[in-house]
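Student: Questions regarding the structure given below will be posed in turn.
2 protein chains.
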Amino acid sequence: MSLERVRIVGAGLIGTSIALGLSAKGVAVDLIDSDERTQNLARDIAQSTSLSTPQIVIFALPTEAMPLVINREYALNPQSTFMDVGSVKTEPIVHIKNSELPLTRFVPTHPMAGREIGGARSARGDLFVTRSWILTPTAECATESLELVGELIDTLGASAITLDAAEHDRAVATTSHLPQITASLTAMSLESAKEAWLELAGQGLRDTTRIAASDPALWAQIIYSNRNEISNVLYGVRNNLEQMLLALNDPSAIEALIAAGGRGRARIPGKHGGSAREYTFLPIVIDDKPGQLAAIFNECATIGVNVEDLSIEHSPGQLNALITLALSESDAMNLSTHLSSIGWNVHPVRK
Amino acid sequence: MSLERVRIVGAGLIGTSIALGLSAKGVAVDLIDSDERTQNLARDIAQSTSLSTPQIVIFALPTEAMPLVINREYALNPQSTFMDVGSVKTEPIVHIKNSELPLTRFVPTHPMAGREIGGARSARGDLFVTRSWILTPTAECATESLELVGELIDTLGASAITLDAAEHDRAVATTSHLPQITASLTAMSLESAKEAWLELAGQGLRDTTRIAASDPALWAQIIYSNRNEISNVLYGVRNNLEQMLLALNDPSAIEALIAAGGRGRARIPGKHGGSAREYTFLPIVIDDKPGQLAAIFNECATIGVNVEDLSIEHSPGQLNALITLALSESDAMNLSTHLSSIGWNVHPVRK
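Protein chains in written order, with the UniProt record's numbering: chain A, 1 to 351; chain B, 1 to 351.
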């Protein structure tokens with residue numbers, strides 16, 4: 001069976017992006033929204049048409065809004081496969097169990113694609129290209145439904161990963177929701193800080209609070225949907241925090257806690273899904289003007305050095321910037337020697 | 001008076017880097033260490049010589065080790081000005097008050113330069129170039145001592161900033177020590193996570209825990225030295241965490257807390273010490289191979305676009321990478337149009 005007709009309920013960033021991506025591959029798409037203006041805008045963007053007997057109906061709306069549409073959509077499309085795209089996966093299954101739609105026909109999914117901002121205006125057909133798209137099917141799920149959803153994910157250029165729904169929610173509570181909350185809690189401490197203090201902010205504070213700038217309404221919904229798992233994780237953090245407070249008078253106890261954090265950090269996998277990888281860091285002072293970064297990357301390309309990651313740090317009141325490249329150890333040594341020899345201001349390599 | 005003779009007690013990264021920087025500018029340096037092998041290594045690196053009547057004696061050792069050397073150094077060098085380089089500033093003043101050295105001759109300082117790793121081997125004479133170097137003089141401090149230390153900082157290419165010592169310690173408790181601790185506490189939660197969960201780690205988790213990889217022994221000493229200020233800050237975080245735990249059943253309460261974090265994050269100043277600046281983000285999918293970044297930065301230079309910051313994200317199991325450039329709004333629009341027109345895979349601009 002080939003994918004030809006898809007109905008999408010909800011014309012936000014994800015729904016409209018799916019519509020654009022499928023349209024581009026010749027799949028007919030019917031994109032609807034409860035808000036008439038949103039629907040008209042999204043239909044203009046995504047060449048949506050009314051269609052009957054969709055093979056898949058996608059719930060591309062907040063998980064808490066699913067109960068408002070499940071029974072209506074099932075009555076309209078009694079032969080279809082249904083899927084959702086929420087970032088928490090046990091709650092949609094509960095909604096389906098409380099509806100008339102049989103579990104056999106529902107596939108819970110979670111595309112791991114940018115959701116920092118919403119709205120059809122931000123939609124893009126290639127939003128899912130190279131991204132992971134998680135499926136958390138129940139035991140009842142029909143093979144045919146799973147295959148159809150797999151074909152849709154494939155059509156959009158994403159990679160399907162299958163997980164248990166409860167396992168998924170526990171995993172994202174730790175890997176996605178926890179960092180959002182600790183970044184927000186850390187940043188909350190800056191609200192009452194004196195302005196002069198913030199002039200001392202370095203890269204550590206910037207990195208640690210970067211995602212505190214995320215959309216509060218979107219995150220309120222995500223956190224609320226996964227509140228049980230998040231609660232467990234946060235009690236763990238509170239326990240760690242109590243340990244740190246008790247350790248403050250004992251340097252060796254502080255050291256043990258910081259070391260435990262280092263072991264946790266080292267477990268995050270490196271690129272390409274491989275095991276954790278330690279980069280070597282090469283700091284370079286550059287003039288803060290166009291062309292400097294290009295010149296450095298040209299030198300990297302010339303001697304075949306692959307930059308794994310990098311950061312740029314601007315000193316307050318200075319027109320210089322410090323760029324730090326993350327490299328393999330041998331690339332770092334080669335590049336350091338090469339750049340120094342042609343006059344760049346290269347600092348010593350850091351492990 | 002011109003700076004000609006400096007004695008440095010402690011041949012770690014900071015002490016040896018100061019020695020290298022001063023030697024390069026023709027200042028005679030005497031670098032000593034309680035460990036004979038360390039001293040010999042550092043003296044080889046930094047061209048140290050024995051000298052009498054140093055104008056400045058620098059305590060470049062852990063703050064808790066200062067009481068072991070203050071009286072000896074004062075007896076040896078009764079005419080000198082003294083300074084320290086610790087990252088906490090009230091504690092060294094207490095050590096001086098408990099010694100024979102008069103407060104008039106002591107300048108507490110804190111160079112804001114890389115201290116992720118220690119050791120003379122990592123030292124570099126330009127470590128302080130473009131960096132801030134904080135002075136926290138007491139009311140008793142002699143003008144002549146302050147001027148000498150100012151000349152030293154100037155010679156090393158750093159910018160002097162004067163702060164009250166207690167104010168400094170409160171400021172770094174929030175801007176430097178707090179992010180280290182919350183990064184470590186977040187990363188501690190990963191220690192017991194299943195391996196499969198960590199495959200779902202995205203840029204948010206990576207950013208939020210990056211500094212959890214810092215040296216535990218160094219941070220134990222820093223945190224211990226500033227434990228009173230840090231304790232106040234951590235009780236604030238615990239209070240915020242309790243509020244989040246109480247809010248988990250109420251989406252609007254969660255939203256208010258995430259929004260408060262966003263307001264705190266927005267207070268971190270932008271580059272060049274100016275007020276906070278909102279960047280526009282331009283995501284681009286590239287092949288993960290040498291030359292791709294150079295090509296993008298060449299295009300940036302060609303059309304005069306200045307890259308403010310960037311991140312590189314590797315999808316698990318993929319050979320593509322997503323590079324996100326932080327730009328001014330107009331630069332983002334120009335670059336997006338330009339790169340798209342010559343075939344790059346540019347994603348929609350994000351605010």
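All residues carry an ideal CB built from backbone N, CA and C; glycine is no exception.
Using only CA atoms, which one of Pro111(B), Gly204(B) and Leu3(B) lies nearest to Leu148(B)?
Tutor: Selected option, being the one with the closest Cα: Leu3(B).
Student: Just the chain B side, please: which residues come within less than 9 Å of Cys300(A) by C-beta, in chain order?
Tutor: Within 9 Å Cβ-Cβ: Pro290, Gly291, Leu293 and Ala294.
Student: By how many angstroms is the C-alpha of Thr337(A) removed from the C-alpha of Arg115(A)?
Tutor: Residue placement at Arg115(A) is flagged as unreliable, the pLDDT there being 49, under the threshold of 50; the coordinate-derived value follows with that caveat. The straight-line gap from Cα to Cα measures roughly 41 Å.
Student: I'd like the span of the alpha helix (DSSP H) that includes Asp154(B), first residue to last.
Tutor: Run containing Asp154(B): Thr143 to Thr155, per the alpha helix (DSSP H) assignment.
Student: At the 8 Å Cβ level, is Leu178(A) part of the contact set with chain B, yes or no?
Tutor: At least one chain B Cβ lies under 8 Å of Leu178(A).
Student: Along chain B, in chain order, which residues have C-beta atoms closer than 9 Å to that of Gln221(A)?
Tutor: Under the 9 Å cutoff, chain B gives Pro251, Ile254 and Glu255.
Student: Please tell me whether Glu191(B) has its Cβ less than 8 Å away from any Cβ of chain A.
Tutor: Chain A, which has a Cβ nearer than 8 Å to the Cβ of Glu191(B), makes this yes.
Student: Let me make sure I understand the geometry here. Which of Glu329(A), Ile56(A) and Val9(A) has the alpha-carbon closest to that of Ile153(A)?
Tutor: When each option's Cα is compared against that of Ile153(A), the closest is Ile56(A).
Student: Using the beta-carbon count (16 or more within 10 Å), is Leu76(B) buried or exposed?
Tutor: When all chains shown are included, Leu76(B) counts as exposed.
Student: Compare the Cα-Cα distances from Glu255(B) to each of Tyr224(A), Ala28(A), Thr174(A) and Arg265(A) and report the closest residue.
Tutor: Of the listed residues, the one whose Cα sits closest to Glu255(B) is Tyr224(A).
Student: Between which residues of its own chain and Gly317(A) is the CB-CB distance below 6 Å, once the five residues before and five after are set aside?
Tutor: At Gly317(A) the pLDDT is 44, less than 50, meaning the model places this residue with poor confidence; the figure from the coordinates comes in the next sentence. Here the set comprises nothing.
Student: CB-CB under 6 Å to Glu151(A), same chain, minus the five flanking residues each way: which ones, in chain order?
Tutor: Leu3, listed in sequence order.
Student: Across which residues does DSSP place Pro283(B) in a beta bridge pair?
Tutor: Beta-bridge pairing links Pro283(B) to Thr324(B).
Student: For Pro62(B) and chain A, any beta-carbon pair shorter than 8 Å?
Tutor: Output row for Pro62(B): interface = no.
Student: Residues of chain B with CB under 8 Å from Thr109(A), in chain order?
Tutor: Ordered by position in chain B, no residue passes the 8 Å Cβ test against Thr109(A), which lies about 14 Å from the chain.
Student: Assuming Thr109(A) is part of the beta strand (DSSP E), what are its boundary residues?
Tutor: Segment Phe106 to Pro111, the beta strand (DSSP E) holding Thr109(A).
Student: Under the three-state reduction of DSSP, which class applies to Gly273(A): helix, strand or coil?
Tutor: Only weak support exists for where Gly273(A) lies, its pLDDT of 41 falling under 50; the coordinates are left without a value.
Student: DSSP on Trp219(B), reduced to helix/strand/coil?
Tutor: Residue state, collapsed to three classes: helix.
Student: If the cut is a Cβ gap below 8 Å, which residues of chain A does Asp44(B) touch?
Tutor: Those do not exist, as Asp44(B) stays about 16 Å from chain A at its closest Cβ, beyond 8 Å.
Student: Determine the extent of the beta strand (DSSP E) in which Leu205(A) is found, giving its start and end residues.
Tutor: First-last for Leu205(A): Gln203 to Thr209, but that is the alpha helix (DSSP H), not the beta strand (DSSP E).
Student: Output yes if chain A places a C-beta closer than 8 Å to the C-beta of Met188(B); else output no.
Tutor: Chain A, which has a Cβ nearer than 8 Å to the Cβ of Met188(B), makes this yes.
Student: Determine the chain B residues that contact Gly15(A) at a beta-carbon separation under 7 Å, and present them in chain order.
Tutor: Near Gly15(A) there are no residues of chain B at all, since even the closest Cβ is about 15 Å away, more than 7 Å.
Student: Using 8 Å as the cut-off, can you tell me whether the region 163–180 of chain B makes contact with the region 185–199 of chain A, which would need three or more C-beta pairs spanning the two stretches below that distance?
Tutor: With a cut-off of 8 Å, the region 185–199 of chain A and the region 163–180 of chain B count as touching, because enough Cβ pairs lie within range.
Student: According to the neighbour-count rule (16 or more other Cβ atoms, all chains shown, within 10 Å of its Cβ), is Ala139(B) buried or exposed?
Tutor: Result: exposed.
Student: Return helix, strand or coil for Phe297(B), following the three-state DSSP convention.
Tutor: Phe297(B): helix per DSSP, three-state reduction.
Student: Would you say Pro54(B) faces chain A, with C-beta separation under 8 Å as the test?
Tutor: Chain A, which has no Cβ nearer than 8 Å to the Cβ of Pro54(B), makes this no.
Student: Thinking just about the alpha-carbon of each residue, which of Gln79(A), Gly15(A) and Ala326(A) is nearest to the one in Glu144(A)?
Tutor: The option with the nearest alpha carbon to Glu144(A) is Gln79(A).
Student: Applying a beta-carbon distance threshold of less than 9 Å, which residues of chain A neighbour Val94(B)?
Tutor: Within chain A, no residue comes near Val94(B); the closest Cβ sits about 16 Å away, beyond 9 Å.
Student: Can a CB atom of chain B be found closer than 8 Å to the CB of Ile153(A)?
Tutor: Taking Cβ atoms only, chain B never reaches closer than 8 Å to Ile153(A), which makes this a no.
Student: Just to check my reading of the structure: Thr186(A) and Thr182(B) have Cβ atoms closer than 8 Å, yes? What is that Cβ distance to the nearest angstrom?
Tutor: Going by Cβ atoms, the distance from Thr186(A) to Thr182(B) rounds to 5 Å, so yes, they are a contact pair.
Student: Which residues, in chain order, does the region 117–138 of chain B contribute to contact with chain A at a C-beta distance below 9 Å?
Tutor: Correct list: Ile117, Arg121, Ser122, Ala123, Arg124, Asp126, Leu127, Val129, Thr130, Arg131, Ser132 and Ile134.
Student: Taking CB distances under 8 Å as the criterion, tell me whether Ser231(B) reaches chain A.
Tutor: Closer than 8 Å: yes.
Student: Just checking my contact of Ile45(A) with Met83(A) at CB under 8 Å: how many whole Å lie between their CB atoms?
Tutor: Incorrect: roughly 22 Å between the Cβ atoms, too far for contact.
Student: Residues of chain A with a CB under 8 Å from the CB of Arg227(B): which are they?
Tutor: In chain order: Leu248 and Asn249.
Student: With DSSP as the reference, please indicate the residues paired to Met83(B) in a beta bridge.
Tutor: Met83(B) pairs with Ile58(B) and Val107(B).
Student: Have a look at Val29(A), Ala259(A), Val27(A) and Gly10(A) and flag the residue whose alpha-carbon is nearest the alpha-carbon of Thr38(A).
Tutor: Ranking Val29(A), Ala259(A), Val27(A) and Gly10(A) by Cα distance to Thr38(A) puts Gly10(A) first.
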